[in-house]
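Numbers in my numbering are just positions in the sequence shown, counted from 1, shifted up by 34. Report on the following structure.
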Amino acid sequence: MDITFHRGYTCYANGTDASVAIIAPHAGPAFRTVNSRDDNSETVASLCWRKTNGKLVVSNISRLRDWGVDFNRDIPPLNTALRMYHTFKEDVSSDEITTYKKQFGWVAKSEDDYYRRLRIYQNFWNEASDSKYIIMVHRAISRIKSVPSVMDVVTFIDEEKKKDAIKEIVSRVNTKYYAFLKSVEKTYKKFVLLEQERVISDLTKRHQSLILKNLPMADRELLEKDLDKIGKYSQKFVLKRLASTLTPQTFLGAAKHALRNIPTPQVTIENVFDGSLALGPKRKFFPKKGKVLIEVEPTYFMNRWYPETTAKIIVDVVNMLKEVYV
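If you want it as structure tokens, here you go:
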């Protein structure tokens with residue numbers, strides 16, 4: 035095994051197959067908030083790497099824009115990064131910060147600081163330049179907006195023929211792992227509900243209520259997605275109660291009701307994520323031909339409880355992809 039330590043990330047290779055790169059872009063430390071890293075994404079990524087004999091690239095820098103670099107976002111203009119630095123240092127949630135985080139990967143204290151982070155960012159993505167199959171491993175929070183997905187696959191594919199092939203791959207994977215997915219169904223639902231309780235507790239501590247119009251953009255958008263999914267799997271009387279009074283109690287009651295009605299947990303295609311925020315890899319690898327870019331978003335439940343099975347599923351997807359992209 036060859037290990038190379040770089041500023042901001044570490045690379046692992048065994049020299050047998052350079053065609054596959056397994057990347058964990060959000061594996062760095064979690065500063066300030068518990069969700070500021072993709073928990074155990076590096077665990078799953080390392081297990082995938084051992085099975086594919088490819089190259090493993092793991093971030094070891096915070097994704098917080100003032101503390102480090104988010105490799106999954108785009109390069110900010112110099113003046114914008116400098117201007118926003120002090121806004122981020124104030125550590126106050128705002129719509130301006132949320133909008134910036136959706137697009138750009140860092141802020142900078144000075145011009146030297148900006149270019150130092152830019153070099154880290156560019157070097158990170160250059161590590162996968164020689165690989166054909168680039169698999170980015172993340173972690174999806176196990177909240178109600180994600181159900182019934184235990185792993186969401188993002189394809190970055192426009193061709194209908196190949197999109198259909200990906201759907202067939204995911205269908206085959208769900209069939210192969212059906213017994214496992216069925217066996218974890220009760221635990222999965224408990225895990226989702228517990229995480230949702232944590233989310234609601236955090237929201238009420240910070241904002242005193244769940245009134246949507248009073249929540250910052252980041253919290254409001256996520257809660258709206260939870261409510262949309264509750265609406266999909268709940269009966270009308272539950273929704274009427276929720277519409278008349280949105281409180282922690284009515285929300286969690288509706289979440290419990292919805293969870294009783296969801297299908298068996300499954301691997302999904304762009305059920306939660308659509309790749310629109312993956313601006314870093316898209317900048318580097320599109321529209322280059324001969325590259326197959328896949329983002330996998332296993333839930334925290336899978337990363338934490340079943341990392342080996344999660345890695346097996348991802349590797350199965352990769353191997354089936356090789357049949358499509360010869």
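Don't be surprised by glycine CBs; every beta carbon is placed ideally from N, CA and C.
N-terminal and C-terminal residue of the beta strand (DSSP E) that residue i is part of
i	result
Tyr211	Run containing Tyr211: none; DSSP gives neither H nor E here.
Thr298	Careful: Thr298 lies outside any beta strand (DSSP E) and carries neither H nor E.
Ile56	54-58
Assigned secondary structure, residue i (DSSP; H/G/I helix, E/B strand, else coil)
i	result
Val233	helix
Pro332	strand
Met170	strand
Ser75	helix
Ser80	helix
Thr67	coil
Ile37	strand
Asp198	helix
Leu327	strand
Val188	strand
Leu90	strand
Lys85	helix
Asp308	coil
Ile95	coil
Ala61	coil
Gly102	coil
Ser279	Per the sequence shown, residue 279 should be read as Thr rather than Ser. Coil, per DSSP.
Arg338	helix
Ile175	coil
Val372	The requested residue 372 is not part of the displayed model; the chain covers only 35 to 360.
Glu193	coil
Lys143	coil
Val126	coil
Val204	helix
Asp260	helix
Asp253	helix
Exposure label - residue i; buried when at least 16 CB within 10 Å
i	result
Asn305	buried
Asp164	exposed
Ile245	exposed
Gln300	buried
Pro315	buried
Asp262	exposed
Val326	buried
His27	Nothing in the structure corresponds to residue 27, since the chain is present only between 35 and 360.
Glu258	exposed
Tyr334	buried
Glu161	buried
Lys123	exposed
Gln137	exposed
Ser144	exposed
Host alpha helix (DSSP H) of residue i (start-end)
i	result
His291	282-295
Lys346	341-358
Leu112	112-123
Leu313	313-319
Thr44	Segment 43-47 is the beta strand (DSSP E) holding Thr44; no alpha helix (DSSP H) there.
Glu161	It is not in any alpha helix (DSSP H) - Glu161 carries neither H nor E in the DSSP assignment.
Identified DSSP bridge partners for residue i
i	result
Ser183	Gln300
Ile245	The partner list for Ile245 (beta bridge, DSSP) is empty, contrary to what the question assumes.
Phe271	None, per the DSSP bridge assignment.
Phe138	Asp108
Whole-angstrom C-beta distance between residue j and residue i, which should lie under 8 Å
i	j	result
Val188	Asp308	7 Å
His172	Glu76	About 11 Å; that fails the 8 Å criterion.
Ile169	Val352	6 Å
Leu311	Arg107	7 Å
Lys179	Leu256	7 Å
Asp129	Pro250	7 Å
Ala289	Leu227	6 Å
Tyr148	Ile95	The Cβ separation is near 15 Å, so there is no contact.
Thr298	Glu219	6 Å
Asp51	Thr86	7 Å
Val103	Tyr167	Between Tyr167 and Val103 the Cβ distance is about 24 Å, and since that is not below 8 Å, they are no contact.
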